[in-house]
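**Student:**
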Amino acid sequence: MSGDLKEYLEHIKFEKYLDKLNKKLKNKTVIIYGSGSLFQYIKKNYDLSKLNIIGVSDMKFNSKQEGEDFLGYKIIPKDKMTSYKPDVVLVATLKYLGITEDFEINVFNKTKTKIYPLARIPLADLIKEIWSN
């Protein structure tokens, strides 16, 4: 899978996008949502140190794990993300549209928190994904 992720991230010009995110999110607090293979590959192969990541959240993390370490970041249970008042949540999944929409409408709708994908799909690929569902 890591070979596929490498090709995927090169295809979407992730490094260039990450540079833009670093500039756009300077001095903003960030929670990463999604702790699976995409995030783990990015963490291992790219420099995320310019992002002010305050924690990583995922639906698999529970309240008992809150504050524990995951890849050098604090675990934040999904149901407690809003209490951390992040400026931004970066969704680290390949199919981020549904999660992004849910967070904007149902989770962070009464906050100023912005929701962005960690690895953005190019528009042409996005259209293909929408039509294939």
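Residue numbers (numbering that gives the first Met the number 0): 0 to 132. We put the beta carbon where it would ideally sit given N, CA and C, even for glycine.
For the alpha helix (DSSP H) containing Gly66, name the first residue and the last one.
**Tutor:** Locating residue 66 in the sequence shown gives position 67, counting from the first residue. Note, Gly66: premise wrong, no alpha helix (DSSP H); not H, not E.
**Student:** For Asn51 and Asp78, what's the separation of their Cα atoms in angstroms?
**Tutor:** In the sequence shown, the residue the question calls residue 51 occupies position 52. In the sequence shown, the residue the question calls residue 78 occupies position 79. Their Cα atoms are separated by approximately 21 angstroms.
**Student:** Among Lys59, Lys63, Glu9 and Thr110, which has the Cα closest to the Cα of Tyr32?
**Tutor:** Residue 32 sits at position 33 when you count from the first residue of the sequence shown. For Tyr32, the nearest C-alpha among the options comes from Lys59.
**Student:** Could you spell out where the beta strand (DSSP E) holding Ile52 opens and where it closes?
**Tutor:** As a first step, residue 52 is located in the sequence shown; it is residue number 53 there, counting from the start. Its beta strand (DSSP E) spans residues Asn51 to Ser56.
**Student:** Which residues bound the alpha helix (DSSP H) around Thr153?
**Tutor:** Residue 153 lies beyond the stretch modelled for the chain, which goes from 0 to 132, so this question has no answer here.
**Student:** Can you tell me whether DSSP reads Ile74 as helix, strand or coil?
**Tutor:** As a first step, residue 74 must be located in the sequence shown, where it is residue number 75. Strand at Ile74.
**Student:** Can you tell me where the beta strand (DSSP E) with Leu89 in it begins and where it stops?
**Tutor:** Looking up residue 89 in the sequence shown gives position 90. Element bounds for Leu89: Val87 to Val90.
**Student:** Tell me which same chain residues have a C-beta within less than 6 angstroms of the C-beta of Leu4, skipping the five on either side of it?
**Tutor:** Looking up residue 4 in the sequence shown gives position 5. These residues qualify, in order along the chain: Tyr40.
**Student:** Which residue marks the beginning of the beta strand (DSSP E) containing Phe113, and which one marks its end?
**Tutor:** Residue mapping note: residue 113 aligns to position 114 of the sequence shown, counting from 1. The residue asked about is misnamed: residue 113 is Lys in this sequence, not Phe. Counting along the chain, the beta strand (DSSP E) containing Lys113 begins and ends at Lys113 to Pro116.
**Student:** Answer yes or no: do Ile11 and Val29 have a C-beta to C-beta separation smaller than 8 angstroms?
**Tutor:** Mapped onto the sequence shown, residue 11 falls at position 12. Mapped onto the sequence shown, residue 29 falls at position 30. Not closer than 8 angstroms, so no.
**Student:** Please state if the CB of Ser34 and the CB of Asp68 are separated by a distance shorter than 8 angstroms.
**Tutor:** As a first step, residue 68 is located in the sequence shown; it is residue number 69 there, counting from the start. As a first step, residue 34 is located in the sequence shown; it is residue number 35 there, counting from the start. Taking 8 angstroms as the Cβ cut-off, Asp68 and Ser34 do not qualify as a contacting pair.
**Student:** Rounded to a whole number of angstroms, what is the C-alpha to C-alpha distance between Phe13 and Ile98?
**Tutor:** Taking the first residue of the sequence shown as position 1, residue 13 is located at position 14. Taking the first residue of the sequence shown as position 1, residue 98 is located at position 99. Rounded to whole angstroms, Phe13 to Ile98 spans 20 angstroms at the Cα level.
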